[in-house]
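Residue numbers (this note's numbering): 34 to 1039.
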């Protein structure tokens, strides 16, 4: 045939890649009397038209008489081309046995049943046995293998011709599994005939030996590939103890098993079918190949490891003695479905999955469809672990198949419907790829091709993507999604917790439930039981998920210091959020949200009450990122948008208050979840306060017409607010300063109106916000707001040493920047004097002594006072502030409003010994944490270390101490503050100080 551009074009249109080589093949076919050109377009049905043409040419040259009727029938021809283009292995089979072309004549609408295939293979074996007197193993094996591949070709043409490969995947896998069972049944029949004819046992003894072949893995689940190892376990018993003893039955059964495996797997004229793998048996390769039923059960009761029970999920009688096989499955079931209760079962299963990945060669890891990250094993291990854990109490998930189990888990609300649907779709996708790869050469493989041509053929064969690159892209995306789902579901803490539950703990509302609740720490078990009933009663999906969550969450609540309040708060939260699409799913599926929530609610009434107001904030518990301090600029932008969205000032204030509640709650959750430390929380709370005041001030000034061209106004933070050391429940100590701009406006009156509106606007009954201006000149007797000139005049003429000390914490936090800068410059002249007189130093010491004697509540134990007590906050702060008054003029690093920053600078410059600074820092941080913990635990501010053991234990839990650490925390605090007090007395007083008048009450406000 001359080079014909028309032929080459036709070849290209039909999907051929090697045009010149294919044109030569067409010439060879023509020489054999086959003209392909009339139906060249039929090759489009072939995944690899080039391969199909090569196989067709081989058939035409070797068995033309068998091929002629095929090519004359359009459907027969199309089926043949489809099979040849997808499977070189089946092409070679047809070349060896051209009579089998007949199986492709029609596309089967329905795949053959297990019974039909078993009958066909048994008939083939029987015919082979009967065709001679010697029970020749090679002849029988040949007959079995040809009959097997005949059925395999029928399954393949049904699969390949299906419009949607993923839609028929399950029935194809089931048929392949049934075919494997039929092959084992035929092989067992062959083994009995061979042993009966050749010994060493009599035919009667062989017949009296019962042998059950248990399918494991994919064979047991009816999920086999085209070429899989078929995992089996053998069980033998005697059918006639007089003829065959139990021990002899095991011996005969072992010979039968070895013989049938050779019939299937040994090299022969017709290639082996697949490997029969008995290594999942007790003791693996080291164990006996065949055991009696009682021996199997004894092993599983006493010696089996966790992974063996995971393997037994899929156990199914596959061939041989069906009744014995059913007895085996029934016998091991109790051990299988109680195995998750073993110590560290979940963790061992998780580790086993990791080991599978670790053993993959590095150069294959990325291409592994089955074992690699995002591969089939991620789906299968996840499903099996979930069903083992939940199958302890729920028989509906005790299934073998991966996809049917996924459906059951979704119906039981153990995983979300969306996750189950996604997992199933990804699983089908990966399995279709695996099928097509194995069908190509009828070899076991799980590696994605790297060659572009092979990928192109795979894309055409699977019809999952239009091009090779598109298939790879979809595969990579699928792997990522599978891995993400696997990590989320396989490693969620809830699994380990559910697996560890005793059976009586799972049952929520039995008569004994009250006693159990009381035993684990609920003080009102009857009330707790009412909450449980309200949460879990009914048949809704919401109630179903709660029934899964509650047994574990009750245990976590009980580990908290106040489980009764925690459960009550959880019920209130669930009532508000239970109908949302995300809440219960988050608790069930996230990597720790449920445990975090129970910990927060059972240790903090402050959080419980705020979550009642801002319930959607529970979503933050899923991610540490959501609990971090938000950037101040973003917070300010949101607050301003809220404030200026409303025309009425009252509505604007409420909107900003809601934002403040939300952000304070964020910091509280971050604190009890140990996402942020005390300094980070202080920064976050300070920024929330500053944003709230700043935005409300802007809104009020806009409302009153007090823009900066009329009046400059600023808020100065004092105390812990000025030092950016705000804690939960801290007052906001402030000064108000203004400067007149428009001489026609009564600046003082306008400033007072601003202050009044600001005080009204911050009122929040759900989260009190106290603006305390008592540190202003003249204290409560002085005007709330002063002009900058008024402050300057006062400080120049009347300022006392304690006021200079108070100004050490002064920092502008809201208002006009130029005014803030001028005020801070004024404050610098007062708080950082060139020198401080000895009498002023003595006055600071005298006032400190009066603070301790006059401000301490009557009868209070000074050792337990967090603010004014010995070695507590006031000792550290007064000591540091005295150093600042004495040295900040000369040491610029001391010019900071932060206590700890000033302490560090003092140590760096040798003004406080480094060891002493460490002790002071430790005391200040612990006292600060305890003050905030008091607020979180009690939902009210308190400056006293509780003596009540329940409260003290609750506070200890907030500070990350283990349960029942009340005494440990108490001893630690007393020891830390005792050491700090010693440092304070030596460094601050130096010598005894007598009491003196004035200043004590106003100095330590807030």
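Glycine included, each C-beta is placed from N, C-alpha and C at the ideal position. This one's a predicted model, so the numbers in the text were calculated from it and none came from an experiment.
Own chain, CB closer than 7 Å to residue i, minus 5 neighbours either side, in chain order
i           : result
residue 332 : 315
residue 65  : 93, 94, 97
residue 999 : 982, 985, 986, 989
residue 207 : 255
residue 50  : 83, 486
6 Å Cβ shell around residue i - same chain, five flanking residues per side excluded
i           : result
residue 34  : In this prediction, residue 34 has a pLDDT of 44, which is less than 50 and means its spatial position is unreliable; what the coordinates show is noted afterwards. Result list for residue 34: 60, in chain order.
residue 209 : 257
residue 916 : 939, 944
residue 44  : 52, 55
residue 423 : 430, 447
residue 644 : 606
residue 131 : 96, 99
Residues sharing a beta bridge with residue i, DSSP
i            : result
residue 1017 : Beta-bridge pairing links residue 1017 to no other residue.
residue 401  : 480
residue 898  : 977
residue 804  : 765
residue 770  : 747, 819
residue 309  : 263
residue 296  : Residue 296 pairs with nothing; no bridge assigned.
residue 323  : 267
Contact set for residue i: own chain, Cβ-Cβ below 8 Å, skip 5 residues either direction
i           : result
residue 48  : 76, 77, 79, 82, 493
residue 157 : 176, 177, 179, 180, 219
residue 39  : none
residue 695 : 647, 650
Run of the alpha helix (DSSP H) containing residue i, from where it starts to where it stops
i           : result
residue 38  : 38 to 46
residue 608 : 596 to 610
residue 327 : 326 to 335
residue 871 : 871 to 887
residue 558 : 558 to 569
residue 585 : 574 to 592
residue 718 : 711 to 737
residue 155 : 147 to 163
residue 435 : 435 to 444
residue 173 : 170 to 193
residue 124 : 121 to 129
residue 411 : 409 to 423
residue 340 : 339 to 345
Limits of the unbroken beta strand (DSSP E) element including residue i
i           : result
residue 745 : 744 to 750
residue 353 : 349 to 353
Any chain D beta carbon closer than 7 Å to residue i
i           : result
residue 758 : In the displayed structure, chain D is absent; only one protein chain is listed.
Using 8 Å as the threshold, is the segment 817 to 831 in touch with the segment 762 to 771, meaning 3 or more CB pairs across them? yes
TODO: Decide yes or no for the touch test of the segment 430 to 445 against the segment 486 to 499: beta carbon pairs closer than 8 Å, at least 3 of them.
DONE: no
Note to self: For the pair the segment 377 to 392 and the segment 265 to 282, tell me if three or more CB-CB distances fall below 8 Å.
What the structure shows: no
Counting Cβ pairs closer than 8 Å, one from the segment 784 to 802 and one from the segment 738 to 749, do we hit at least three? yes
- Message: Restricting to runs no shorter than 4 residues, where is the alpha helix (DSSP H) found entirely within the segment 909 to 942?
- Response: 932 to 941
* Whole runs of the alpha helix (DSSP H) within the segment 212 to 291, excluding any shorter than 4 residues -> 236 to 240, 250 to 254
Would you call the segment 258 to 265 and the segment 273 to 280 in contact, with 3 or more CB pairs under 8 Å?
no
Contiguous alpha helix (DSSP H) assignments of at least 4 residues, all confined to the segment 811 to 860:
821 to 830, 834 to 840
Q) Per the contact definition of three or more C-beta pairs closer than 8 Å, is the segment 835 to 842 in contact with the segment 904 to 921? A) yes
* Asked: Does the pairing of the segment 232 to 251 with the segment 348 to 358 give three or more beta-carbon distances under 8 Å?
  -> yes
Does the structure place the segment 406 to 423 close enough to the segment 455 to 468 that three or more beta carbon pairs sit under 8 Å? yes
Contained alpha helix (DSSP H) runs [length at least 4] in the segment 644 to 690, N- to C-terminal order: 665 to 678
So within the segment 64 to 104, which uninterrupted alpha helix (DSSP H) runs reach at least 4 residues, ignoring any that extend past its ends?
82 to 95, 97 to 104
Taking 8 Å as the threshold, find out whether the segment 310 to 325 comes into contact with the segment 281 to 290 through three or more Cβ pairs. yes
| task | Would you be able to state if there are at least three C-beta pairs under 8 Å between the segment 646 to 661 and the segment 722 to 729? | result | no
- Enumerate, from N- to C-terminal direction, the unbroken alpha helix (DSSP H) stretches of 4 or more residues contained entirely within the segment 491 to 531. 501 to 523
Query raised in the report: Any chance the segment 145 to 159 sits against the segment 212 to 226, with 3 or more Cβ pairs inside 8 Å?
Result: yes
Checklist line | Contact between the segment 157 to 169 and the segment 227 to 245 (3+ Cβ pairs under 8 Å) | finding: yes
Worksheet item: Can at least three beta-carbon pairs, one atom from the segment 958 to 971 and one from the segment 889 to 902, be found at a separation below 8 Å?
Response: yes
| request: Count the CB pairs spanning the segment 739 to 759 and the segment 690 to 707 that are closer than 8 Å, and state whether there are at least three. | output: no
Inset, instruction - Would you check if there are 3 or more beta carbon pairs closer than 8 Å linking the segment 470 to 483 to the segment 384 to 400? - result: yes
| request: Check whether the segment 678 to 691 touches the segment 627 to 642, counting contact only when three or more Cβ pairs, one atom from each stretch, lie closer than 8 Å. | output: no
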